[in-house]
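2 protein chains.
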Amino acid sequence: MRRIAPTAAASRLDAFIERERVRVDEALASAAAEIVSPVGGALRAPLEYALSTSGKRLRPILFLSAYRAVAAPSDVDPSPTVYRLACAAEIVHTYSLVHDDLPSMDDDDLRRGRATVHRVHGVAPAMLAGAALLPIAMELIVRESRALGFPPERGALLVRELCRAAGADGMVGGQLLDLEAERRVVDETMLEAIHRAKTGALLTASLRLGAIAGDAPEPALEALTHYGEALGLAFQIADDILDVTGDAASLGKEAGRDRELRKASYPSLYGLAGAQSLARRAANEAKQALGELRSPVLLALADYVVERRS
Amino acid sequence: MRRIAPTAAASRLDAFIERERVRVDEALASAAAEIVSPVGGALRAPLEYALSTSGKRLRPILFLSAYRAVAAPSDVDPSPTVYRLACAAEIVHTYSLVHDDLPSMDDDDLRRGRATVHRVHGVAPAMLAGAALLPIAMELIVRESRALGFPPERGALLVRELCRAAGADGMVGGQLLDLEAERRVVDETMLEAIHRAKTGALLTASLRLGAIAGDAPEPALEALTHYGEALGLAFQIADDILDVTGDAASLGKEAGRDRELRKASYPSLYGLAGAQSLARRAANEAKQALGELRSPVLLALADYVVERRS
Numbered sequence: 310m311r312r313i314a315p316t317a318a319a320s321r322l323d324a325f326i327e328r329e330r331v332r333v334d335e336a337l338a339s340a341a342a343e344i345v346s347p348v349g350g351a352l353r354a355p356l357e358y359a360l361s362t363s364g365k366r367l368r369p370i371l372f373l374s375a376y377r378a379v380a381a382p383s384d385v386d387p388s389p390t391v392y393r394l395a396c397a398a399e400i401v402h403t404y405s406l407v408h409d410d411l412p413s414m415d416d417d418d419l420r421r422g423r424a425t426v427h428r429v430h431g432v433a434p435a436m437l438a439g440a441a442l443l444p445i446a447m448e449l450i451v452r453e454s455r456a457l458g459f460p461p462e463r464g465a466l467l468v469r470e471l472c473r474a475a476g477a478d479g480m481v482g483g484q485l486l487d488l489e490a491e492r493r494v495v496d497e498t499m500l501e502a503i504h505r506a507k508t509g510a511l512l513t514a515s516l517r518l519g520a521i522a523g524d525a526p527e528p529a530l531e532a533l534t535h536y537g538e539a540l541g542l543a544f545q546i547a548d549d550i551l552d553v554t555g556d557a558a559s560l561g562k563e564a565g566r567d568r569e570l571r572k573a574s575y576p577s578l579y580g581l582a583g584a585q586s587l588a589r590r591a592a593n594e595a596k597q598a599l600g601e602l603r604s605p606v607l608l609a610l611a612d613y614v615v616e617r618r619s
Numbered sequence: 310m311r312r313i314a315p316t317a318a319a320s321r322l323d324a325f326i327e328r329e330r331v332r333v334d335e336a337l338a339s340a341a342a343e344i345v346s347p348v349g350g351a352l353r354a355p356l357e358y359a360l361s362t363s364g365k366r367l368r369p370i371l372f373l374s375a376y377r378a379v380a381a382p383s384d385v386d387p388s389p390t391v392y393r394l395a396c397a398a399e400i401v402h403t404y405s406l407v408h409d410d411l412p413s414m415d416d417d418d419l420r421r422g423r424a425t426v427h428r429v430h431g432v433a434p435a436m437l438a439g440a441a442l443l444p445i446a447m448e449l450i451v452r453e454s455r456a457l458g459f460p461p462e463r464g465a466l467l468v469r470e471l472c473r474a475a476g477a478d479g480m481v482g483g484q485l486l487d488l489e490a491e492r493r494v495v496d497e498t499m500l501e502a503i504h505r506a507k508t509g510a511l512l513t514a515s516l517r518l519g520a521i522a523g524d525a526p527e528p529a530l531e532a533l534t535h536y537g538e539a540l541g542l543a544f545q546i547a548d549d550i551l552d553v554t555g556d557a558a559s560l561g562k563e564a565g566r567d568r569e570l571r572k573a574s575y576p577s578l579y580g581l582a583g584a585q586s587l588a589r590r591a592a593n594e595a596k597q598a599l600g601e602l603r604s605p606v607l608l609a610l611a612d613y614v615v616e617r618r619s
């Protein structure tokens, strides 16, 4: 096998992800300008601060890749409105970061390379700005679904999907599991349950939202769901590994926090080499789950989440 | 004027409100059983605790009264599904109570006659259970709108209405205004802005949700919006008065908290008699706003909110 092929493919993916990220950033800024800028009072500043950080934008990129994988060939280049719709997942993710960083949660000072929202704007404004981000994401879904002329049932499906991912059996429930785990011995089953809820639910939902927006048939939706579950696991194992091997400058957040908070992690349970091999296995499982769904980008993203440096 | 007439009307209203409250409690229990009981993990207990308190259920009662005021004469007795839909407003209200009581907010020990959620279940579980209540309310709207066979646009309108009431320009924004007001001199304009957002937005939204569910024509929706704004003001002034004149046993929460937290209130700005006269004036304005909309219950509720003892 020639070494040039994967390298060229990897650099094409890097360039693609970079272009997507720029378009997602533009869409997020445009959504924020429409929905957040008119907000009166003291919440606007922490909201704009929270939404203006840079980020990998993995969730909207997954949304858009799923959308492209199922949409008609004529729609391989989604409109700016679809990009704004994809930002709903990023806004919910941002809400979770703002709340996770709070002193009563993980108590972090640094996020995405900048001071956390509560360090700049205070605890109560950060908590309330976080709380305001969920209805902002929901309103964005309703608004962009209408702008896209979606049949209204599809809008309802999108709202329900995001509610479930953000709710008690998803992100919010996972955060509580994670906090509880700090006070007990955590085995592999428990660790997987935490991450499936805390991170996996929204990653999978991002793919499902894109697939629903693209009016995917049921088998494609199922394939993307399985892909998302395996990808979420790979992503989280890689995150745990980066917490050990990375540094604050490239991570944009404090490294070594898992050990400091005595959190169970894949490296602490399986060792570094064991965790790396698990991440690779999960990425391969994600790729296999795609089955008939031809999507070079989703295939490449499965490698990307385990090979990334931040 | 004979004294017996208003008394008889008042006692009929009391009996009506009591019947409504019982039916709302049943609907809330049934919605919680469907949506909260399947929740896995440690969030179920604080969620069930938060939703099982008793309450005035003013928001669902406003929803149902608006629904009755605009619905076809054949639908004067809404189905249990409509009652469950009405509970979405109560669930969002419950979320706000759970968060407002947190130590980083108003730091209260007692709510609706019981220990607050964080006193029983801990700060992080209370915070996360509160956060989970909003997507639960949204999912309830999507689910019951479908069960009622609403055209899907109506479901989208309902979701958007609740998002706005719960968001940065509504409840959550109002809470931040309220916290900030503790550290400055608050005049009447500021006090009204706080309450319009913190309490008024959800009370008005409850009426608008009921009206939208009942497919109200635009003039009726506008009349109910104005009624809600004036009713919200009357309600809040009465709440401030009760904080001075009431006791913990009948209020179900600590009395005298406004003074303790040095919060500006209508009695502190206008004196007790001045506040009582303002509350009465707002209630009358609410009644006038109803205009052509014949609703004995909404007329009577305007008096009820200023004359209540808890």
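Chains P and F, in that order, give the protein sequences.
If you count by my numbering, then the first sequence holds residues 310 to 619, one letter each, in order.
If you count by my numbering, then the second sequence holds residues 310 to 619, one letter each, in order.
Just so you know, even glycine gets a beta-carbon here, dropped at the ideal spot from N, CA and C.
Computed from a prediction, not measured in an experiment: that's the story for all the values here.
Next on the checklist: Residues of chain P with CB closer than 9 Å to the CB of Ala448(F), please, in chain order.
Outcome noted: Per the sequence shown, the amino acid found at residue 448(F) is Glu instead of Ala. Within chain P, the residues near Glu448(F) are Val468, Arg469, Cys472, Arg473, Gly476.
Next on the checklist: Is the beta carbon of Tyr404(P) closer than 9 Å to that of Ala440(P)?
Outcome noted: Cβ atoms of Ala440(P) and Tyr404(P): closer than 9 Å.
Next on the checklist: Looking only at its chain, what residues have a beta carbon closer than 7 Å to the beta carbon of Ile344(F), apart from the 5 residues adjacent to it on each side?
Outcome noted: Ile445, Glu448, Leu449
Checklist entry - Is the beta carbon of Ser619(F) less than 9 Å from the beta carbon of Gly541(F)? => result no
Next on the checklist: Quick check on Leu599(P): does DSSP put it in helix, strand or coil?
Outcome noted: Note: Leu599(P) maps to coil in three-state DSSP.
Next on the checklist: Measuring straight from C-alpha to C-alpha, what distance separates Glu601(F) and Asp410(F)?
Outcome noted: It is roughly 40 Å from the alpha-carbon of Glu601(F) to the alpha-carbon of Asp410(F).
Next on the checklist: One question on the structure: do Ala595(P) and Ala539(P) come within less than 9 Å of each other, judged by their Cβ atoms?
Outcome noted: Yes.
Next on the checklist: Helix, strand or coil, according to DSSP, for Met310(F) in the structure here?
Outcome noted: Reliability of the predicted coordinates at Met310(F) is poor, the pLDDT of 37 falling under 50, and the value obtained from them is presented with this limitation in mind. It is coil, neither helix nor strand.
Next on the checklist: Please tell me whether Ser320(P) has its Cβ less than 9 Å away from any Cβ of chain F.
Outcome noted: no
Checklist entry - Which one of Arg353(F), Leu587(F), Ala465(F), Glu327(F) has the shortest CA to CA distance from Ile521(F)? => result Ala465(F)
Checklist entry - How should Gly482(P) be labelled, buried or exposed, when 16 other C-beta atoms within 10 angstroms of its C-beta is the threshold for buried? => result buried
Next on the checklist: Using the three-state DSSP reduction, which class does Arg423(P) fall into: helix, strand or coil?
Outcome noted: In the three-state reduction of the DSSP assignment, Arg423(P) falls in the strand class, which pools E and B.
Checklist entry - Are Glu357(F) and Ser346(F) closer than 9 Å when you measure CB to CB? => result yes
Next on the checklist: Going by DSSP in three states, Ala465(P) sits in which element: helix, strand or coil?
Outcome noted: helix
Checklist entry - So, helix, strand or coil for Arg353(F), using DSSP? => result Helix.
Next on the checklist: Counting only beta-carbon separations shorter than 9 Å, does Ser515(F) have a partner in chain P?
Outcome noted: no
Item to check | Element boundaries [alpha helix (DSSP H), containing Asp612(F)] | outcome: 605-616
Checklist entry - In chain order, what residues of the segment 475-498 of chain F put their CB closer than 7 Å to some CB of chain P? => result Ala475, Gly476, Ala477, Asp478, Val481, Gly482, Gln484, Leu485, Leu486, Leu488, Glu489
Item to check | Contact list for Gly626(P) against chain F, beta-carbon separation under 9 Å | outcome: No answer is possible for residue 626(P): it lies beyond the span of chain P, which begins at 310 and ends at 619.
Next on the checklist: Taking 8 Å as the cut-off, does the segment 507-514 of chain F touch the segment 426-436 of chain F (at least 3 CB pairs, one atom from each stretch)?
Outcome noted: Short answer: they don't touch.
Checklist entry - Which full runs of the alpha helix (DSSP H) of 4+ residues lie inside the segment 472-501 of chain P, going along the chain? => result 480-490
Checklist entry - Taking 9 Å as the CB-CB cut-off, is Gly600(P) touching chain F? => result no
Checklist entry - Going by beta carbon distance, what residues of the same chain come within less than 8 Å of Ala336(P), once the five residues before and after it are set aside? => result Pro369, Pro389, Tyr392, Arg393, Ala395, Cys396
Checklist entry - Hey, quick one: how far does the alpha helix (DSSP H) through Val401(P) stretch, first residue to last? => result 389-409
Next on the checklist: Quick check on the burial criterion: 16 or more other C-beta atoms within 10 angstroms. Buried or exposed for Ala557(P)?
Outcome noted: Classification of Ala557(P): exposed, given that the 10 Å Cβ count is below 16.
Next on the checklist: For Ala319(F) and Arg353(F), what's the separation of their Cα atoms in angstroms?
Outcome noted: Cα to Cα, Ala319(F) sits roughly 39 Å from Arg353(F).
Checklist entry - When you compare only the Cα positions, how much space is there between Arg328(P) and Val606(P)? => result 13 Å
Checklist entry - What residue from Leu360(F), Leu599(F), Val385(F), Leu587(F) has the CA that sits closest to Glu497(F)'s CA? => result Leu587(F)
Checklist entry - Going along chain F, which residues have a C-beta under 8 Å from Ser604(P)? => result Ordered by position in chain F, no residue passes the 8 Å Cβ test against Ser604(P), which lies about 29 Å from the chain.
Checklist entry - Under 9 Å, do Val495(P) and Ala573(P) count as touching if we go by C-beta distance? => result Cβ distance < 9 Å, so Val495(P) and Ala573(P) count as in contact.
Checklist entry - Under a CB-based cut-off of 9 Å, is Ala338(F) close to chain P? => result no
Next on the checklist: What does the Cβ neighbour count give for Val331(P), buried or exposed, with the cut at 16 atoms within 10 Å?
Outcome noted: exposed
Next on the checklist: Classify Arg312(P): buried if its beta carbon has 16 or more other beta carbons within 10 angstroms, exposed otherwise.
Outcome noted: For Arg312(P), the predicted structure reports a pLDDT of 40, less than 50, and the residue's modelled location is therefore unreliable. A value from the coordinates is still provided. Result: exposed.
Item to check | Listed by chain order, chain F residues near Ile445(P) by CB distance under 9 Å | outcome: Cys472, Gly476, Ala477
Item to check | Three-state secondary structure assigned by DSSP to Val429(P) | outcome: helix
Checklist entry - Nearest chain P C-beta to Val429(F) closer than 9 Å, yes or no? => result no
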